[in-house]
Every structure is written in C-alpha cells, then in structure tokens.
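K.L.:
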Amino acid sequence: MTVTTTPTSPLLDEHGALGAHFTDFAGWQMPLKYDSELAEHHAVRKSAGLFDLSHMGEIAVTGTESGALLDYALAGELSKIGVGRAKYSLLCNADGGVIDDLVVYRLADEHFLVVANAANAPAVYRELAARADGFSANVDDQSAETALIAVQGPAAQNIVQSLVPALQLETVAELKYYAVTRAVVADIDVLLARTGYTGEDGFELYVPNAQSVALWRALLAATTERDGVPAGLACRDTLRLEAGMALYGHELTLDTNPYEAGLGKVVRLNKEFVGRDALQTLSEQAPQRVLIGLAGTGRRAARAEYTVHDATGGAAVGTITSGALSPTLGHPIALAFVDIAFREPGTELTVDIRGKKEPFVVTPSPFYRRS
542 MTVTTTPTSP LLDEHGALGA HFTDFAGWQM PLKYDSELAE HHAVRKSAGL FDLSHMGEIA
602 VTGTESGALL DYALAGELSK IGVGRAKYSL LCNADGGVID DLVVYRLADE HFLVVANAAN
662 APAVYRELAA RADGFSANVD DQSAETALIA VQGPAAQNIV QSLVPALQLE TVAELKYYAV
722 TRAVVADIDV LLARTGYTGE DGFELYVPNA QSVALWRALL AATTERDGVP AGLACRDTLR
782 LEAGMALYGH ELTLDTNPYE AGLGKVVRLN KEFVGRDALQ TLSEQAPQRV LIGLAGTGRR
842 AARAEYTVHD ATGGAAVGTI TSGALSPTLG HPIALAFVDI AFREPGTELT VDIRGKKEPF
902 VVTPSPFYRR S
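Below, the structure is given as structure tokens:
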C-alpha cells in the first residue's frame, strides 16, 4: 500500500501556536492568515510582515558548466549574473509555454541556486536534470531540507540588522535589490537575499530545516517589537497583486508565452535554449492578447476566470487572471488577458461579476509603488 503525506513546513507547529488558519497550497499545509488578512496586509505596508515560504523549491546547480546549462535551460542569460546577484527568469517548454517563473542566485562562480514556485518545483528539477545531459554540471534538489523565511515591509532592514553582528550591519544595509550574501542572523548562518514579492523592501532568509524554528522565533520577536506581525498567504496575494507581480497558475501557465504576459524583456534570443525557435517566431508576431491592469470604480472585486466585456457589456474581450479589493487603494484591482485592441490605458471595460456587468478601466500596473 502506498501512503501519501501532505508536505508540511518545519515551522508548522510554530504557526499552530500562533493560531494560524491553514490552507492547502500546492499540496502543502501553509498558514493562510493568523487573525485578519487585512491587518496583516496593512502591517506589511506600514511596518513588517513575517512570512514562511518553506514551500518554495530550492535547486542547486553546480559545476564548471553550470552557467552554460542554465543559459540552455532558461530563457535568460544566467551565465552573465555576477556572484552575489540574482536574476528573474523563465523555464519554457519547446513551444514557448511557461513551465515556471523563477529566481536564480549566483552564489559562486560555479554555484547557482534556482528558486522555483512550490507547485512547479518537482517539474523544474526534472527539467533542469534532463537538460543537464551533456553539460558538466550537477543539479541537486535541496527543497526538502531547506526552509525559507521572509520579512517584508519598511521595517525589514531594521529587523534584520537587529539580529546580526555589528560587523554585518553595513552588509545588510548595502545589500542591493536582487542580491544575495552569507550572513549570521540570530547566531545562525543563513543565505540572505533581498528580492521580495510584496512591493516593499524585504529580505529572504534560507536556512536548513533544523535551524528554522530558532530563526523564526528570533525574527518574530524582532518583528513584533516594531509593530509587525506574522503574515499568511492571503495577504501575500493581495500585496503581490497591488505590486503587479505575476503568479504562476494565474498570469503564467503552459498556455501563456512571455510576450503576451509582458515578459518579453526576460527572453534572450541571442543564444540557444529550449523554446528559442518558438519564441523567436512569437517575437515577430503581434500577440493576439495581452496582460493588462484594471481598476474598478465600485466595490465589487473581479476574481480569476471572470469574463471581461467591452464598455457596453456586450462582446467578451478577455478573462480576469487575478483580482481583489485593494486594501491599500480602497478600490477593486485586477490583472486580465484581453484582446490587444483593448490594451490602452483609459479604455473602459466591464467585468461580469455574478451576472452583473461592473465598470472597470484599463490602468497601468503596478497599481502600488512604495514611496
């Protein structure tokens, strides 16, 4: 008999002790919220939120041809990343469809760390391992033994600095966006990155599972001392939507190519990689649909898979991919794929929300930028 188990974070008991409400996310039991998702959202915008992201995948790529392998496997030129820096990229199939969007860190000349979305981590590992054939490179899935904790918000730097040795205060302060370094936080050796997914300043801390509880408790104490809170996946979704960031399974899928999703700049056609020929052809064609932002004038939020219509409420012209009532802005916002003729900012559209056509207007994304 085969026994299947639900993946769990090494911090599961910590979340339970904090009264977290759990949800199944990509097969993982993860905190949806602790008390109020609205309060958690506002805390990240005003102070800080502490997130458990241990469901994400971490895949090490090492060896003399590790950079060449990633150049071949991904749409970007990863071999050109400097040590200590990171790059957002896409893993595509031969047809140009997106298998996953991910972040690649270069930890040393021959050592990269690929961070994949939870639902796609096994597929990313399989694809990288398969594409490594013929390269002098090793692909090692380290997801099961790695925890990931993020602190996001205006107080994030202060929180991390409060837990590092005096000699590393400047290291934290000078860490650039999309950069990574080794650090000691709460007397624990961590990989410290500054990439973020909320539209705020923030840090991600990678640590072995065995040390994750001690690190979480130290970060939580420092966060709550500064009026921050532990935060769940619910507010992470509204935060990333306000910041106009794509979520795999919504804005990106196997049926989505980078050009229609507004990610053509990520693709480097000057090299050979899986999906290049298809993407070369797509780059020479006008997309039939494009991803746009929408802002509503009422209070009813458009949700994923709702139909977008023209201004009269007649012809269907697109589909919502993500939507919510923005806690920060106080009105509905959404991302949607629409026919290219309706892409211009200021274009009036309607969305079918449970049988009623509600007015929306095409709006540049991101909807929110921190000052």
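Numbering of the sequence shown is given in my numbering, commencing with residue 542 and proceeding in unit increments.
Glycine residues also receive a C-beta, built at the ideal position from the N, C-alpha and C atoms.
The structure presented is a predicted model; accordingly, all values stated were derived computationally and were not measured.
Could you give the DSSP three-state label for residue 592: helix, strand or coil?
P.N.:
strand
K.L.:
Which first and last residues belong to the alpha helix (DSSP H) in which residue 619 is found?
P.N.:
No alpha helix (DSSP H) holds residue 619; DSSP gives it neither H nor E.
K.L.:
Per DSSP, which residues does residue 630 bridge with? Please list them.
P.N.:
Its beta-bridge partners are 643.
K.L.:
Under three-state DSSP, which class holds residue 858?
P.N.:
strand
K.L.:
Just checking residue 860 against the ligand SAM - is the residue's beta carbon closer than 8 Å to any of the ligand's heavy atoms?
P.N.:
Absence of the ligand SAM from the depicted structure is noted, as is the absence of any ligand whatsoever, leaving it without description.
K.L.:
According to DSSP, simplified to helix, strand and coil, what is residue 823?
P.N.:
In the structure shown, residue 823 sits in a helix (DSSP, three-state: H, G or I).
K.L.:
Any idea what DSSP makes of residue 542, helix, strand or coil?
P.N.:
The pLDDT assigned to residue 542 is 39, lower than 50, so where the model puts this residue is not dependable, and the model offers no usable value.
K.L.:
In whole angstroms, what separates the C-alpha of residue 613 from that of residue 812?
P.N.:
8 Å
K.L.:
Am I right that residue 579 and residue 769 are in contact with their C-beta atoms under 8 Å? What's the rounded C-beta distance?
P.N.:
Their Cβ separation, rounded to whole angstroms, is 15 Å, which puts residue 579 and residue 769 out of contact at 8 Å.
K.L.:
Should residue 542 go down as buried or exposed, given a rule of 16 or more other Cβ atoms within 10 Å for buried?
P.N.:
Bear in mind that the predicted position of residue 542 carries a pLDDT of just 39, short of 50, making it unreliable; the figure below should be weighed with that in mind. By the Cβ neighbour-count rule, residue 542 is exposed, with fewer than 16 other Cβ atoms within 10 Å of its own.
K.L.:
Rounded to whole angstroms, what's the CA-CA distance from residue 544 to residue 568? Just pull it up for me.
P.N.:
Its pLDDT being 40, under 50, residue 544 is placed unreliably by the model, and nothing is read from it.
K.L.:
Whose C-alpha, out of 754, 630, 717, 778, is nearest the C-alpha of residue 574?
P.N.:
778
K.L.:
Please name the residue in 844, 659, 898 whose C-alpha comes closest to that of residue 684.
P.N.:
When each option's Cα is compared against that of residue 684, the closest is 659.
K.L.:
Among all the DSSP beta bridges, which residues are the ones paired with residue 863?
P.N.:
876
K.L.:
Among the residues of its own chain, which have a CB less than 7 Å from the CB of residue 904, if the five just before and after it don't count?
P.N.:
834, 835, 836, 886
K.L.:
Should residue 940 go down as buried or exposed, given a rule of 16 or more other Cβ atoms within 10 Å for buried?
P.N.:
Residue numbering for the chain in the displayed model covers 542 to 912; residue 940 lies beyond these limits and cannot be assessed.
K.L.:
Taking the alpha carbon of residue 673 as the point to measure from, which residue in 736, 690, 606, 698 has its own alpha carbon closest?
P.N.:
606
K.L.:
Since residue 663 is in the alpha helix (DSSP H), which residue starts that stretch and which ends it?
P.N.:
662-672
K.L.:
Among residues of its own chain, excluding the 5 on either side of residue 698, which ones have a beta-carbon nearer than 7 Å to its beta-carbon?
P.N.:
713, 714, 742
K.L.:
Apart from the five residues just before and just after residue 801, which ones in its own chain have a Cβ nearer than 8 Å to its Cβ?
P.N.:
Contacts found: 828, 829, 830, 831, 832, 878.
K.L.:
Measure the alpha-carbon distance for residue 746 versus residue 858 and round it to whole angstroms.
P.N.:
42 Å
K.L.:
With a cut-off of 9 Å, does the C-beta of residue 560 fall near any C-beta of chain D?
P.N.:
This model lacks chain D altogether; it includes just one protein chain.
K.L.:
Evaluate contact between the stretch 677-696 and the stretch 589-603, counting only Cβ atoms and requiring at least three cross-stretch pairs below 8 Å.
P.N.:
yes
K.L.:
Please name the residue, chosen from 750, 691, 763, that lies closest to residue 736 on a Cα-to-Cα basis.
P.N.:
691
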